[in-house]
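The structure appears right after this line, and notes come after that.
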Amino acid sequence: ALNNWQFLPKPELADTKTKKKLRLGIPTGPKKSADTFETEECEPPVYSWARGGMFVYKGTKESLNNEVLTIDVLKEGEGGFQPQGKALVGLRGAMDYPIAVGVVKTLTTKTLEYVQGRAGGSISMAMRSIALKPGQNDEDSSIPRPLQDLNSLTMYYLQANQQHLVVIANSADGLPVADPDYGSSNPFVRVKYDGTVEQSPVIMASLTPIWNHMFYLPVRFTDPVIYKDQAYKKNIFPEEMRSKGFLELEIWHWDGVPTEFLGSFRLDLVKTRYGQPVERAICGNATKTKKVANSNEDDADLDKEDTGDDTIGIDPALSKYHTTYLYEGKREKIAGSSLSTMATPTISFECYFLPDFKPDFKFPEQDDKEIASAAAFAWAYQVWFPDSPAKRRWICSYTDKWGRLSSGKSGKTLPLPRLVTPLALPAELAPKGP
Numbered sequence: 001a002l003n004n005w006q007f008l009p010k011p012e013l014a015d016t017k018t019k020k021k022l023r024l025g026i027p028t029g030p031k032k033s034a035d036t037f038e039t040e041e042c043e044p045p046v047y048s049w050a051r052g053g054m055f056v057y058k059g060t061k062e063s064l065n066n067e068v069l070t071i072d073v074l075k076e077g078e079g080g081f082q083p084q085g086k087a088l089v090g091l092r093g094a095m096d097y098p099i100a101v102g103v104v105k106t107l108t109t110k111t112l113e114y115v116q117g118r119a120g121g122s123i124s125m126a127m128r129s130i131a132l133k134p135g136q137n138d139e140d141s142s143i144p145r146p147l148q149d150l151n152s153l154t155m156y157y158l159q160a161n162q163q164h165l166v167v168i169a170n171s172a173d174g175l176p177v178a179d180p181d182y183g184s185s186n187p188f189v190r191v192k193y194d195g196t197v198e199q200s201p202v203i204m205a206s207l208t209p210i211w212n213h214m215f216y217l218p219v220r221f222t223d224p225v226i227y228k229d230q231a232y233k234k235n236i237f238p239e240e241m242r243s244k245g246f247l248e249l250e251i252w253h254w255d256g257v258p259t260e261f262l263g264s265f266r267l268d269l270v271k272t273r274y275g276q277p278v279e280r281a282i283c284g285n286a287t288k289t290k291k292v293a294n295s296n297e298d299d300a301d302l303d304k305e306d307t308g309d310d311t312i313g314i315d316p317a318l319s320k321y322h323t324t325y326l327y328e329g330k331r332e333k334i335a336g337s338s339l340s341t342m343a344t345p346t347i348s349f350e351c352y353f354l355p356d357f358k359p360d361f362k363f364p365e366q367d368d369k370e371i372a373s374a375a376a377f378a379w380a381y382q383v384w385f386p387d388s389p390a391k392r393r394w395i396c397s398y399t400d401k402w403g404r405l406s407s408g409k410s411g412k413t414l415p416l417p418r419l420v421t422p423l424a425l426p427a428e429l430a431p432k433g434p
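Take the sequence shown: its position 273, counted from the start at 1, is 273 in full-length UniProt numbering, and no numbers get skipped.
Next comes the structure, spelled out in structure tokens:
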């Protein structure tokens with residue numbers, strides 16, 4: 001279910017005078033066409049829609065993770081409503097992070113008009129076994145959960161013709177204590193890039209967790225012509241990569257649900273251009289090609305072990321090795337947590353693009369950090385939350401004039417929830433009764 005959707009036009013375009021609609025689409029199953037929902041028209045200047053449609057997807061959880069929510073913004077013109085722009089939002093992690101935000105773009109040769117704005121809203125999901133009858137409880141312990149086929153693994157759904165940003169979250173050190181009863185935390189990593197959100201398994205009771213978890217973040221484009229056609233490749237393709245933003249790694253404490261923010265690190269991916277050149281494959285271990293080439297075993301033994309399927313069902317193209325640039329983030333300092341810590345919290349990770357960009361492509365830098373941070377803050381406190389009023393437009397922030405909550409720095413803009421603090425009241429002031 002998609003609810004409370006909003007479109008914020010890019011301020012520089014001053015596009016707040018025409019009626020608009022949203023057309024949202026989600027596939028009905030693996031390799032199937034998308035079911036779409038078109039909202040009612042909305043009057044300017046505030047573009048908001050309470051309902052974004054109800055969708056049913058039949059497949060495995062992993063297949064859903066690899067699907068895409070398409071958001072088309074329709075603008076009123078002379079011949080009715082015409083497409084203004086399009087955004088793509090990956091559904092991986094949508095069950096754990098139910099807020100979707102996508103950058104709306106249009107195919108044009110004008111750099112300033114390429115990004116039209118942002119669209120965002122909430123996604124609510126519920127899983128149900130397809131074998132259950134209507135009204136039957138999915139949590140009934142007498143009904144065993146269906147076994148997942150081997151092809152429900154992530155590798156079976158990765159597309160060989162698509163570029164991926166591979167992120168390896170290795171470890172963290174010096175994390176703050178989020179569970180004072182045990183003097184420890186249950187940390188996990190949440191990775192964000194271009195509207196896609198993924199998270200790692202939870203490491204229980206550790207301030208120095210080791211995940212060694214790999215994320216495969218698809219690098220999606222609204223139209224392949226952006227990097228194929230020379231008319232767009234020179235100016236629009238760099239703008240496309242800039243619009244995808246930073247790679248963000250957040251560490252959270254898990255207590256049934258994510259409860260405490262332990263810190264985050266943002267990486268401008270232009271730094272991958274200065275990394276170490278290496279050879280990597282998406283799933284090189286899935287084939288025996290390199291193993292056989294470097295093996296000293298007899299041919300008879302190899303024939304005996306041969307199953308006739310070198311890729312065990314995985315696209316052979318995913319096992320191809322590419323030369324790419326590896327960025328190694330060694331003990332990068334994380335910040336942003338309100339919890340105190342005795343040591344400096346850090347995170348170690350690696351990342352690279354597969355396949356990498358062509359040598360003649362100049363990867364763009366992100367905007368100035370202060371400007372980007374202010375823009376991200378303004379966006380975060382203008383968008384809807386699931387239970388917000390239908391026409392909410394106020395910004396939930398304030399200015400810390402005296403620097404009391406900003407480490408002595410006056411004039412810093414902070415969210416209103418920062419003023420909410422727990423109170424330790426004497427027992428005699430507690431309400432009487434049960």
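Note that the Cβ used here is the ideal one computed from N, Cα and C, for glycine as well.
Rounded to whole angstroms, what is the Cα-Cα separation between residue i and residue j?
i, j, result
"Glu239", "Glu12", "16 angstroms"
"Tyr114", "Thr108", "6 angstroms"
"Pro355", "Lys271", "17 angstroms"
"Gln6", "Leu74", "13 angstroms"
"Val104", "Thr28", "23 angstroms"
"Pro134", "Val202", "34 angstroms"
"Gly52", "Thr341", "43 angstroms"
"Ser206", "Arg23", "45 angstroms"
"Cys42", "Glu76", "10 angstroms"
"Leu8", "Gln116", "9 angstroms"
"Ser200", "Phe188", "6 angstroms"
"Val257", "Asn186", "11 angstroms"
"Ala14", "Ile71", "21 angstroms"
"Lys234", "Phe37", "35 angstroms"
"Tyr227", "Lys358", "11 angstroms"
"Gly275", "Phe246", "17 angstroms"
"Glu67", "Pro277", "31 angstroms"
"Ser152", "Ile210", "Any reading at Ser152 is ruled out, since the residue's pLDDT is 47, under 50, leaving its predicted position unreliable."
"Asn212", "Met204", "15 angstroms"
"Arg266", "Thr39", "35 angstroms"
"Leu339", "Val197", "24 angstroms"
"Val225", "Arg118", "22 angstroms"
Within this structure, are the beta carbons of residue i and residue j separated by less than 8 angstroms?
i, j, result
"Trp254", "Arg190", "no"
"Ile168", "Glu350", "yes"
"Thr106", "Gln82", "no"
"Asp214", "Val166", "The amino acid at residue 214 is misidentified as Asp; the sequence shows Met. It is a contact, given that the beta carbons lie within the stated cut-off."
"Met54", "Met95", "no"
"Ser171", "Val177", "no"
"Leu112", "Leu91", "no"
What does a CB cutoff of less than 6 angstroms around residue i pick up in its chain, not counting 5 residues either side in sequence?
i, result
"Lys192", "Glu248"
"Glu250", "Arg190 and Ser264"
"Asp194", "Lys244"
"Gln162", "Pro218"
"Ser337", "Pro176, Phe261, Leu262 and Gly263"
"Leu269", "Leu247"
"Pro30", "Gly59 and Ser63"
"Met155", "Cys283 and Ile314"
Which first and last residues belong to the alpha helix (DSSP H) in which residue i is found?
i, result
"Ser243", "Ile236 to Ser243"
"Ile226", "Val225 to Lys228"
"Ser63", "Lys61 to Asn65"
Below 7 angstroms CB to CB, which residues in the same chain sit around residue i once its five sequence neighbours on both sides are set aside?
i, result
"Ile123", "Leu2, Ala94, Pro98 and Ala100"
"Lys17", "Pro44"
"Lys330", "Ser348"
"Ala231", "Thr109"
For residue i and residue j, which I take to be in contact (beta-carbon distance under 8 angstroms), what is that distance rounded to the nearest angstrom?
i, j, result
"Lys86", "Thr222", "5 angstroms"
"Ile282", "Leu318", "4 angstroms"
"Tyr47", "Lys20", "5 angstroms"
"Thr346", "Glu332", "6 angstroms"
"Gly79", "Val89", "No, Gly79 and Val89 are not in contact; Cβ-Cβ is about 28 angstroms, not under 8 angstroms."
"Met127", "Lys32", "About 18 angstroms separates the two Cβ atoms, so there is no contact after all."
"Asp173", "Thr208", "5 angstroms"
Taking residue i as part of the beta strand (DSSP E), name the residues at either end of that continuous run.
i, result
"Thr106", "First-last for Thr106: undefined, no H or E at that position."
"Thr111", "It is not in any beta strand (DSSP E) - Thr111 instead sits in the alpha helix (DSSP H) that spans Thr111 to Tyr114."
"Gln84", "Gly80 to Gly90"
"Glu365", "Run containing Glu365: none; DSSP gives neither H nor E here."
"Cys351", "Thr346 to Leu354"
"Leu74", "Val68 to Gly77"
"Tyr321", "Segment: none, Tyr321 is in no beta strand (DSSP E) and carries neither H nor E."
"Ser340", "Counting along the chain, Ser340 falls outside any beta strand (DSSP E), and DSSP gives it neither H nor E."
"Asp173", "His164 to Asp173"
"Glu41", "It is not in any beta strand (DSSP E) - Glu41 carries neither H nor E in the DSSP assignment."
"Glu248", "Leu247 to Trp254"
Closer than 8 angstroms by C-beta to residue i: which residues in its own chain qualify, once you throw out the five before and the five after it? Chain order, please.
i, result
"His164", "Leu158, Tyr216, Leu217, Pro218, Val219, Ile282, Phe353 and Leu354"
"Lys362", "Pro238"
What do you reckon, is the C-beta of residue i under 7 angstroms from a heavy atom of the ligand COA?
i, result
"Pro316", "The ligand COA is absent from the structure shown, which contains no ligand whatsoever."
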